[in-house]
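Colleague: Okay, handing you the structure first.
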């Protein structure tokens, strides 16, 4: 699977175990507003999809609006996309139990 295969509503799991939802054309950032959005409890966050290469590996872009300068050297790989899931019932969008694995990174 490539970054270009990602669609709004898909859920991704990063190497660090965090889960995010894909939202395309949101207007939240440059690169047409394609972002990963995450919410856990009262905490929310987002990562511009332009921070990922076509193989869905994270790369720190010094021109990005996202403050990844806080990431320590050699820890960028913690943000790599490791698994992509799709929802199998549109009415259940954002309900984790209705997602199934579409792709897992082989290493």
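Residue numbers (the numbering used here): 23 to 129. For each residue, glycine too, the CB sits at the ideal point set by N, CA and C. All figures in this text were calculated on a predicted structure; none of them were measured in a lab.
1. Helix, strand or coil for residue 120, going by three-state DSSP, please let me know.
2. Roughly how many angstroms lie between the CA atoms of residue 26 and residue 35, to the nearest whole one?
3. Taking residue 120 as the reference, give the member of 77, 126, 108, 68 with the closest Cα.
4. Write down the C-beta distance between residue 56 and residue 71 rounded to the nearest angstrom, noting that I regard them as a contact closer than 8 Å.
5. Which ranges does the beta strand (DSSP E) cover as unbroken runs of at least 3 residues, wholly within the segment 43-82, from first to last along the chain?
6. Classify residue 32: buried if its beta carbon has 16 or more other beta carbons within 10 angstroms, exposed otherwise.
Modeller: In short, the structure shows the following:
1. helix
2. 17 Å
3. 108
4. 4 Å
5. 57-62, 65-70
6. buried
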